[in-house]
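Counting from 187, one number per residue, gives the positions in the sequence shown under our numbering. We put the beta carbon where it would ideally sit given N, CA and C, even for glycine. Working notes, beginning with the structure itself.
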Amino acid sequence: MANVLIVDDAKFMRLTLSNVLKELNHTVVGEAENGNQAVELYKSSKPDLVLMDITMPEKTGIEALREIKQMDSSAKVVMCSAMGQQQLVVEAIELGAKDFIVKPFDDNRVKEAIERVLG
């Protein structure tokens, strides 16, 4: 069982991910709607895994990923992106993201990514 931080500016997406995590018996330790909150919540909750949207207001998922990796080089982050964001996904992987999931989410793909990264 892992502690997971969910980061997405869309409440519906956070809810969707939260439901998948509960099915897998993981605990959602926090939810953030932008990159600034993500970095703060990462510091305070020290999650085992972060599921993070790439496109968000205030601070993007890429910027937040960069900061989280500077704080904790072993951070496990899975990026979530809309179709057509290949360049950003490549950048995220280069910065240390462990995997990515494309929206709209396929529950099985989400589960696969989580299990692979935590496994």
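Continuous alpha helix (DSSP H) stretch holding residue i: start and end
i, result
"Leu251", "Gly247 to Met257"
"Asp293", "Asp293 to Leu304"
Nearest-angstrom Cα separation, counted from residue j out to residue i
i, j, result
"Ile240", "Met257", "19 Å"
"Ser204", "Thr213", "9 Å"
"Lys262", "Met269", "22 Å"
"Ala224", "Lys284", "17 Å"
"Leu237", "Glu301", "13 Å"
"Asp289", "Cys266", "One detail in the question is off: residue 289 reads as Lys in this sequence, not Asp. If I take the Cα positions, the gap works out to 7 Å."
Residues bridged to residue i (per DSSP)
i, result
"Phe286", "Met265"
"Ile192", "Glu217 and Leu237"
Residue i (DSSP reduced to helix, strand or coil)
i, result
"Glu217", "strand"
"Lys208", "helix"
"Ser260", "coil"
"Leu281", "coil"
Contact test: residue i Cβ vs the ligand MN heavy atom, cutoff 6 Å
i, result
"Met265", "You won't find the ligand MN in this model; it holds no ligand whatsoever."
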